[in-house]
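Remember, my numbering sits 9 above the position in the sequence shown when you count from 1. To start, the structure under review is shown below, and the notes come after it.
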Amino acid sequence: MVTRILLLCISFCFAEMLISQRHTHNVPEAMISLQSSEDGSLITISQLGNLYRYDGAEFTLLQEGLKGAISILKDKEQYIIPSKVGIWKWSKGELEQQLMNEECYSYISIEDKEFVLAQTGMHLYKEGRYQLINDWTTPITSTAKFYQLGDESYLSNDKTIYKYKSGSWKVLARDTLEINDMAYFLKELWVATDYGLRNVVDRSLKRIVKYGIDSVLNIDELNVLDYSLYVQGEGKLFGWRPPDSQVSLIDYKLSSSSVVKDYWGDIWFAEGGNIIQHKIGNVNLSKPIITNIFVTVNGIVHTEQEITVKAEGSDVKVNYGATHLRQPKNIKFQSLLSPIDKEYQSATTDRSIVYTDLPSGEYTYRLRSTVDGNQYAYSNPITIKVKAKNVVSPLWWILGALCLFLLILALFSNYRLQEYRVKSSLLTTKLRTANDLLKSQQKTMQLQMNPHFLFNALNSIQGLVTLNRNVEAKNYIRTFSRMMRSVLDFSTVDKIDLQAEINYLEDYLSIEQMTRSNSFDYKIIVGDLLIEDDIKIPPMLLQPFIENAIIHGVSSIKEGLIIINIMDKETYLLCTISDNGIGREAASKKKHLSHKSVAISLTNERLRKLSKSNNQDMIQYKDLPQGTQVNITIPL
10 MVTRILLLCI SFCFAEMLIS QRHTHNVPEA MISLQSSEDG SLITISQLGN
60 LYRYDGAEFT LLQEGLKGAI SILKDKEQYI IPSKVGIWKW SKGELEQQLM
110 NEECYSYISI EDKEFVLAQT GMHLYKEGRY QLINDWTTPI TSTAKFYQLG
160 DESYLSNDKT IYKYKSGSWK VLARDTLEIN DMAYFLKELW VATDYGLRNV
210 VDRSLKRIVK YGIDSVLNID ELNVLDYSLY VQGEGKLFGW RPPDSQVSLI
260 DYKLSSSSVV KDYWGDIWFA EGGNIIQHKI GNVNLSKPII TNIFVTVNGI
310 VHTEQEITVK AEGSDVKVNY GATHLRQPKN IKFQSLLSPI DKEYQSATTD
360 RSIVYTDLPS GEYTYRLRST VDGNQYAYSN PITIKVKAKN VVSPLWWILG
410 ALCLFLLILA LFSNYRLQEY RVKSSLLTTK LRTANDLLKS QQKTMQLQMN
460 PHFLFNALNS IQGLVTLNRN VEAKNYIRTF SRMMRSVLDF STVDKIDLQA
510 EINYLEDYLS IEQMTRSNSF DYKIIVGDLL IEDDIKIPPM LLQPFIENAI
560 IHGVSSIKEG LIIINIMDKE TYLLCTISDN GIGREAASKK KHLSHKSVAI
610 SLTNERLRKL SKSNNQDMIQ YKDLPQGTQV NITIPL
């Protein structure tokens, strides 16, 4: 069969053919097929498998590398690209590929089913892939094709026409002639064959000998556009539009099987790698199609119809676009922002507008577009609400109350710790031996309640609120409150669950991360059996070492990492705290370590009191290639 020829749609007025003009458009690469889109532009596929959008002036690359692409079809809101290796589906920037490792010829979706014609037969999409229909035994030819004609679905293969009915493909007509194309016109099924134009009559094909086209034998393609039937065969193109009694011969030869009609009545096709536009004479230019509008405020892009700007004086930028394939370079735009503008601004080809220093209030933005100044396309209105700067969020009052509560909590905690220290000092003389462990615990507790850490945390939370990062502020307030609650709870007990200690360390490290702008990360590794065994240890035992690793280790580098590993050694727990910081030697040159050295010394004494051997060193340091590791032995 000869190469399929594009059917050129030319509108008829009072039974006379309108004058048309053929125009070739420059292309970035050879195109093989095209389809129209909802925004008035064209979607094209190239020989290299690259998908483009064409607005009449520029080609925009949408997707590249669609290997082996043969053509492009349109199915609802998605585009189907049959290829030599399977089926590509593209919709709104999303690409899906179904590899079949064979050449595919045609595709159709019927209700919730998807069918594909390929070399090995007919395939149905199910269970995430296209599977061969076993009860379809007829070989599929390379000219096989699906049709969606009106509300019915058809299939032509070899010399047989099938119709989809009751969930299966049933034979509608069979003939001895090769079927080249089909169309639904005047409530009849018209069939193009190698021996004339035919209708389906009693499960066979009957030749049509009227309308003046009975002399055309080899018909390659049919098309119904704008209530007209176009028949191509033997290098001739005929057009017929009722109520005419005869077809009109259109002396125009093409060599393409890809044809679309645009919103403005012109015909487009891919021919010889080029994109051809057939302009219909005397057609009203009509109005453009507005394609998109989006608003940018403080670097944030909005596409919704109602936008709220949280601070007056902000700059609001509106970007927009439109399509008119016949006059792409004549598209002009006019904006109106009420109540500031009383009428539309002067027409411009610019595709954006900026409104600066908008005062508080509610505004409505409208856009219209034209190519001739007579007919306009109008956008949907967009509401822009600008709030005054001095509007105080209720969250500020909540934050103030929380800060006051935390301050009172911190002062009370400090008072309680001071009270414990005084009592311990008074009892030292009488109960020195029995009270050594309690005294060490309380001294360590005091050192861990660092006022600088407390106020740094509060300042960081205040900074988050100032930056309107309210969700983060709420999370850190919750974490900080939980940590302070743990400190108060721990102050009244000698031992706590291992899980409670880990929860406290998680809260403490989260707050430290916030105050240091997330300059370090951490991992806490503990076995599930340790948690399940309900192991108890002295409270706040590991915090001084972790604080030491932060301040004197990772605080001097950009990507710090602290790893806490708790291991079960039957009679004791071994806890290792590693960091990738600058190391002990470098840290000792930069900062004074006396304060934390006292805390760690007291912790070591505390652990020795718990062990059976008072001479054993419970804390050991190890210099790593980068950083420091401290091993802490906790007797059980």
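Ideal Cβ placement from N, Cα and C applies to all residues, glycine included. Predicted model only: the values in this text are computed from it and were never measured.
| Query | Result |
| --- | --- |
| Straight-line Cα distance separating isoleucine 643 from leucine 583 | 6 Å |
| Bridge partners - aspartate 190, DSSP secondary structure assignment | Ala201 |
| Nearest residue (CA-CA) to leucine 108, options Glu352, Leu467, Asp271 and Gln140 | Gln140 |
| Pairwise C-alpha distance: valine 496 and asparagine 444 | Annotation note: pLDDT 47 at asparagine 444 (below 50); position unreliable, no value reported. |
| Buried versus exposed call for alanine 558 [16 or more other C-beta atoms within 10 Å across all chains shown] | buried |
| Euclidean distance between Cα positions of isoleucine 119 and tyrosine 63 | 29 Å |
| CA nearest to the CA of isoleucine 391, picked from Tyr372, Ser42, Gly409 and Leu404 | Tyr372 |
| For lysine 341 and threonine 312, believed in contact at Cβ under 8 Å, the rounded distance | Not a contact, Cβ separation roughly 23 Å. |
| Residue environment, aspartate 588, which counts as buried when at least 16 other CB atoms sit within 10 Å | buried |
| Assigned exposure category for leucine 552 - 16 Cβ within 10 Å defines buried | According to the sequence as given, residue 552 is glutamine; it is not leucine. By the 10 Å Cβ count, glutamine 552 comes out buried. |
| Test item: CB-CB of alanine 331 and threonine 305 under 8 Å | no |
| Status (buried if at least 16 other CB within 10 Å, exposed otherwise) for tryptophan 99 | buried |
| The region 506-523 / the region 473-492 touching (three or more Cβ pairs under 8 Å) | yes |
| Rounded C-alpha distance that separates leucine 447 from isoleucine 309 | Residue confidence is low: leucine 447 scores 48 on pLDDT, short of 50, so the model does not pin down where it sits. No coordinate-derived value is stated. |
| Glutamate 594 Cβ short of 7 Å to the ligand GTP heavy atom set | This structure lacks the ligand GTP, and indeed carries no ligand of any kind. |
| Residues near arginine 377 by beta carbon distance below 6 Å, same chain, minus five either side | Gln343, Tyr385 and Tyr387 |
| Sub-8 Å separation of asparagine 283 and histidine 34 beta-carbons | yes |
| Three-state secondary structure (DSSP) of glutamine 107 | strand |
| Three-state secondary structure (DSSP) of proline 644 | strand |
| Test item: CB-CB of isoleucine 566 and glycine 592 under 8 Å | no |
| Contact belief for arginine 425 with serine 500 at Cβ below 8 Å, rounded distance in angstroms | 6 Å |
| Whole-angstrom distance between glycine 382 and glycine 281, CA atom to CA atom | 37 Å |
| Span of the alpha helix (DSSP H) around threonine 501 | Where threonine 501 is concerned, there is no enclosing alpha helix (DSSP H), given that its DSSP letter is neither H nor E. |
| Nearest-angstrom beta carbon gap, aspartate 203 and asparagine 227 [assumed within contact, 8 Å] | 5 Å |
| Beta-carbon proximity check, isoleucine 54 vs alanine 39, cutoff 8 Å | no |
| Nearest to tyrosine 531 (by Cα), restricted to the options Ile573, Asn389 and Lys545 | Ile573 |
| Under the three-state DSSP convention, the category asparagine 328 falls into | strand |
| Alpha-carbon to alpha-carbon, asparagine 423 and isoleucine 470 | 21 Å |
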